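Chemist:
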Amino acid sequence: MELTIGSGQAYDKLCLGKMTPRMAAEYLNSGELRLRSFAETLSALYPHPDLRARLASALLAAEPDANPGSVDRRVRNWLGGRSCPQGREELFCIAFGLGLGEAGADRLLGFCTGYGIHYRECRDLVYAWFLRAGRSYAEARAFYEALLLPPGPPDGPERQDGPMTRELQTGFARVQTEQELRGYCIAHQADFGAMHARAYVYFQKYLDQLIHPAPAWGGAGEPDYSVESVMRLYLSLIPSSRSRQGYSVTQKLIKRDWPNATTLKNIRLRKEDVSRKLLLLLYVVTENVLDGEYNELDEEYITPRQRLEDHWWTLDAILADCGMPPLDPRNASDWLVLYALMAEDEPMSGRMEQVIGYLFADGAQPPPEPPAGVR
């Protein structure tokens, strides 16, 4: 696989030599892993000297009543690595202001939010078209507000008889004019939704495996587990304190958006979207082995590097299917996932637990022993 120099160095740390969980935690906390920043990502998308001025101009155009000094300070904080925009509306505004186009906006959104352009969400779809056409943010916003579509159906599991997101995206690629765009939005209103249906399908598949664990070979069936039990047994790896005072940058990044039982319940009820971090964690915990199916990666002749690259390829395919950016070795959480994927004689989740235990040594508690039915 093709990697940048920085990503290649982070990848080499995984593959060269035997890195123990303690060494992995020290590597993450040492600052040796050069984390990818918002400013670096933005500069790669817009490699021009007037980046700061263009950013400020874009924000002021979208917020004419904003204080120019406050806007400039916000931009300086972004480019100085002190903060990062999180709201999708603001990120679309930046994409329009810098002329990033549809692909650039997708990459920017993916880096900041964990999801790229959502082609089942009407606003994202409209903005994507105007970005593709080289039009302005003001035009896109006016078009979207003038659509006046009535509220669509509530989000739920992906309809078996309805089009998938990638099918909508293929049809959307053929839209050429504003009139066609308006007609497309109206025709597909029933297919729109704010939540990501494909990610929910994967979430449900993995969670069901944990709630209804398969019995060990020749053993009695395991009892079903509650969401709280699943959270306690498999995902409670981080100290539960909400305070992040005294944490390193890496600790903050790994702890941020870590799921809890309420998160899992809200996602099951379609009140909350599936986060990229949760999807990665569920892959590690279940090892993507469902219903006891045969997996060639369990064979002794498979090397750790082959195992890592096969899982990496599989996970990237899942992430792409869900509209999420691929694994990035220069993302602290992603690097931790990649390290876990190299487990040989232990569960991936156990390998991850050990690193987190060392990483949060002052507050971490030893994890409970998982049931035999789930690896």
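So the number in the numbering used here is just where the residue sits in the sequence shown, counting from 1, plus 183.
Ideal Cβ placement from N, Cα and C applies to all residues, glycine included.
For clarity, every value in this text was computed on a predicted model and none was experimentally measured.
Under DSSP, the alpha helix (DSSP H) around cysteine 198 begins and ends at which residues?
Modeler: Your numbering for residue 198 matches position 15 in the sequence shown. Residues 188–198.
Chemist: Just reading off the alpha helix (DSSP H) that arginine 306 is part of, what are its end residues?
Modeler: For this step, residue 306 is matched to residue 123 along the sequence shown. Start and end: 305–315.
Chemist: Going along the chain, which residues of its own chain have a beta-carbon closer than 8 Å to the beta-carbon of arginine 257, five neighbours each way excluded?
Modeler: To locate residue 257, count along the sequence shown from 1; it is residue 74. Hits under 8 Å: Leu242, Ser266.
Chemist: From what residue to what residue does the alpha helix (DSSP H) around isoleucine 369 run?
Modeler: Translated into positions along the sequence shown, residue 369 becomes position 186. From DSSP, the alpha helix (DSSP H) with isoleucine 369 extends over 361–370.
Chemist: Looking at the structure shown, is alanine 208 part of a helix, part of a strand, or coil, going by DSSP?
Modeler: Start at 1 with the first residue of the sequence shown, and residue 208 comes out as number 25. In the structure shown, alanine 208 sits in a helix (DSSP, three-state: H, G or I).
Chemist: Identify which residue in Gln428, Glu215, Arg219, Ala227 has its Cα closest to the Cα of phenylalanine 543.
Modeler: On the sequence shown, position 360 is the one that residue 543 refers to. Nearest option by C-alpha distance: Gln428.
Chemist: Helix, strand or coil for valine 557, going by three-state DSSP, please let me know.
Modeler: Numbered from 1 along the sequence shown, position 374 holds the residue referred to as residue 557. Note that valine 557 scores a pLDDT of 42, beneath 50, so its modelled location is shaky; the value from the coordinates is reported in the next line. The answer is coil: DSSP assigns valine 557 none of H, G, I, E or B.
Chemist: Identify which residue in Glu363, Val538, Leu393 has its Cα closest to the Cα of valine 472.
Modeler: By one-based count along the sequence shown, residue 472 stands at place 289. Of the listed residues, the one whose Cα sits closest to valine 472 is Leu393.
Chemist: Which term fits glycine 297, buried or exposed, when burial requires 16 or more other beta carbons within 10 angstroms of its beta carbon?
Modeler: Here residue 297 corresponds to residue number 114 of the sequence shown, with the count starting at 1. Buried.
Chemist: Nearest CA to the CA of leucine 420: which residue from Phe294, Ile539, Ala526?
Modeler: Translated into the one-based positions of the sequence shown, residue 420 becomes position 237. Of the listed residues, the one whose Cα sits closest to leucine 420 is Ile539.
Chemist: Identify which residue in Thr348, Leu462, Ala321, Ile450 has its Cα closest to the Cα of proline 247.
Modeler: Start at 1 with the first residue of the sequence shown, and residue 247 comes out as number 64. If we check each option's Cα against that of proline 247, Ala321 comes out closest.
Chemist: Determine the direct distance from the alpha carbon of methionine 347 to that of threonine 353, and round the result to whole angstroms.
Modeler: Here residue 353 refers to the residue found at position 170 of the sequence shown. Here residue 347 refers to the residue found at position 164 of the sequence shown. Using only the alpha carbons, I get a separation of about 10 Å.
Chemist: Figure out for me which residue from Lys201, Val413, Thr224, Gly299 has the closest Cα to the Cα of arginine 513.
Modeler: Along the sequence shown, read from residue 1 onward, the residue named residue 513 stands at position 330. Minimum Cα distance to arginine 513 is reached at Thr224.
Chemist: For the candidate residues Tyr466, Gly263, Arg488, Leu211, whose alpha-carbon lies nearest to that of isoleucine 437?
Modeler: Taking the first residue of the sequence shown as 1, we reach residue 437 at position 254. Closest option to isoleucine 437, Cα to Cα, is Leu211.
Chemist: Which of the three DSSP states is assigned to leucine 283 in this structure?
Modeler: One-based indexing of the sequence shown puts residue 283 at position 100. Leucine 283: coil per DSSP, three-state reduction.
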